[in-house]
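Note sheet for the following structure.
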Amino acid sequence: MNANLHRLTATAACAALIAVGACASAPRGRPIPTTRIDSGGGTLESVRRQLEGRWDLVSLQTFPKPGAKPVEVKAKALLTYDAYGNLTLKGRLDDQNYNDPAAAPFLDFSGRAVIDVPRSQLRMLDVAANVEVAKEALPAETSFDKVRKYSFEGDLLKLSTIDAQGNVTATAAWKKRGA
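This is the structure in structure tokens:
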């Protein structure tokens, strides 16, 4: 009886395998809903590709008051943006006349940059400052949560920090390495 049960189970398993193997493949009956992926200039993907790489600081200006003349700040820095949206800034102030300790974290930090293409803006998330300065000690108009406007002008990337009133508080120009 045990042998008959074993033969019956084996026969049923073989029949099931033959039946499954004999099924013809067919296209999916319902289409999968998708949206068209934008391509070309002015899309998120094109901006990400433009940003991707290593950028050397060309100039840095701060604006002490709205409408005031900019103050040139001597500094050296390298900005790196990767294909996953990670932005790293490594740099140092070279200006003996500009001794604002709150400025140091803005030349040495990393985080994820979120791009808003229609507004030409970057916002930083998950910022890790490499300098031991509490975020609360930073001036409100230059904190990490502020918007940065970006623009590509020839071979330069321009980043401007914007305060809550829409005033530019700092502008940095960057040149891509190898460009």
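Sequential numbering of the sequence shown, starting at 5, is according to our numbering. Don't be surprised by glycine CBs; every beta carbon is placed ideally from N, CA and C.
Judged by their CB atoms, L82 and K94 are nearer to each other than the 8 Å cut-off.
Under the three-state reduction of DSSP output, E56 falls in the coil class, being neither helix nor strand. By the Cβ neighbour-count rule, Y85 is buried, with 16 or more other Cβ atoms within 10 Å of its own. By a beta-carbon distance limit of 8 Å, Y154 contacts L126. Their separation comes to about 6 Å. Distance between K80 and L160, taken at the CA atoms: about 16 Å.
Boundaries of the beta strand (DSSP E) around D112: D112 to D120.
K73 and T38 have their alpha carbons spaced roughly 50 Å apart. K162 and A177 have their C-alpha atoms some 5 Å from each other.
Sequence-distant partners of E49 (beyond 5 residues in either direction) whose C-beta falls short of 6 Å from its own C-beta are missing from its chain. A direct Cα-to-Cα measurement between T66 and R34 gives close to 57 Å. In terms of Cα proximity to E157, the closest of T173, A174 and K179 is K179. Apart from sequence neighbours up to five positions away, the residues of its chain that approach A132 with a beta-carbon distance below 6 Å are S114, ordered along the chain. The straight-line gap separating the alpha-carbon atoms of G170 and G46 is approximately 23 Å. Counting along the chain, the unbroken beta strand (DSSP E) around S164 starts and ends at L160 to I166. Under DSSP, V75 forms a beta bridge with T66. Taken atom to atom, the span from the alpha-carbon of I166 to that of R53 is near 24 Å. Taken atom to atom, the span from the alpha-carbon of V77 to that of D60 is near 15 Å.
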